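Trainee: I'd like to ask some things about the structure below.
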Amino acid sequence: MQQRLAGVDATRARIVASARQVLLSGDAFSIDAVAREAGVARLTIYDHFGNRDVLLEAVFDDLAESGGLTHLPEAFGEPDPVVALERFVAIFCAFYSTHRLVLRRLNALAVLRPGTSAQTDRNPRRLQGLGVLLNRVAQAGHPLAGAPDVVHLVHVLTGFAFVDELSGPDHDPVDAAPQLFALVRTVAHID
143 MQQRLAGVDA TRARIVASAR QVLLSGDAFS IDAVAREAGV ARLTIYDHFG
193 NRDVLLEAVF DDLAESGGLT HLPEAFGEPD PVVALERFVA IFCAFYSTHR
243 LVLRRLNALA VLRPGTSAQT DRNPRRLQGL GVLLNRVAQA GHPLAGAPDV
293 VHLVHVLTGF AFVDELSGPD HDPVDAAPQL FALVRTVAHI D
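According to this note's numbering, the stretch in the sequence shown is residues 143 to 333, in order.
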């Protein structure tokens, strides 16, 4: 039984890795393309994931783990709310840096098929996290930081599309983190 489970896990991991490769290749993303890359039947992918969107969610989970989003609890555990917000920004810039090309493709898929991408599903979670952090900043003496329009604007600023554009083609999103945080401080009225 353990060998069978290990085989299932290995197949699932191979399919996710193959999906990432198809995204990186620039070819059209489809279950057929992923199946060819993984050396499995389409039915195997459907058995493991059910549909394309669940597969994209699994790809995003894999990206999040390997790209450092698992460090987000450290930001929320930081006692100083401004430092916590800065850490949040740095974690996302590092994540965008690690998986920049794949995230570009995932964002393009989200634009082409709104509401169906794993990236789209995760944006509300980032917004919620920013709301928590900015409300902490507001309670610490920067009352305008928690305003809904401020939270929304900081959400836009910390999104992949903005950070990718801010970084430009020749710079790494990690290097943009200090500049991005300066923008966030200005927008959130953190003096």
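Note that beta-carbon positions come from the ideal geometry of N, C-alpha and C, so glycine has one too.
Predicted model only: the values in this text are computed from it and were never measured.
Alpha carbon to alpha carbon, what distance is there between Y238 and T262?
Mentor: Low confidence applies here, because T262 scores a pLDDT of 49, under 50, leaving its location unreliable and the question unanswered by this model.
Trainee: On a Cα-Cα basis, can you pick out the residue from A236, Q270, H331 that is closest to G283?
Mentor: H331
Trainee: With a threshold of 8 Å, are at least 3 pairs of Cβ atoms found where one atom belongs to the segment 301 to 312 and the other to the segment 209 to 224?
Mentor: no
Trainee: For A338 and L166, what's the separation of their Cα atoms in angstroms?
Mentor: No information on residue 338 is available, as it lies outside the stretch 143 to 333 that the chain covers here.
Trainee: So for E220, helix, strand or coil by DSSP?
Mentor: Looking at E220 - three-state DSSP - the assignment turns out to be coil, as it is neither helix nor strand.
Trainee: Taking contact to mean at least 3 C-beta pairs separated by less than 8 Å, is the segment 288 to 306 in contact with the segment 227 to 247?
Mentor: yes
Trainee: What whole-angstrom Cβ distance do A161 and V201 have, given they're in contact under 8 Å?
Mentor: 5 Å
Trainee: Which residues in the same chain have their Cβ closer than 6 Å to the Cβ of P315, if we skip the five residues on either side of it in sequence?
Mentor: Taken in chain order, the residues that qualify are C235, Y238, S239, V305, S309.
Trainee: At what residues does the alpha helix (DSSP H) containing A250 begin and finish?
Mentor: 242 to 254
Trainee: Hey, could you find the ends of the alpha helix (DSSP H) S309 is sitting in?
Mentor: 302 to 309
Trainee: Would you give the residue range spanned by the alpha helix (DSSP H) that L299 belongs to?
Mentor: 290 to 299
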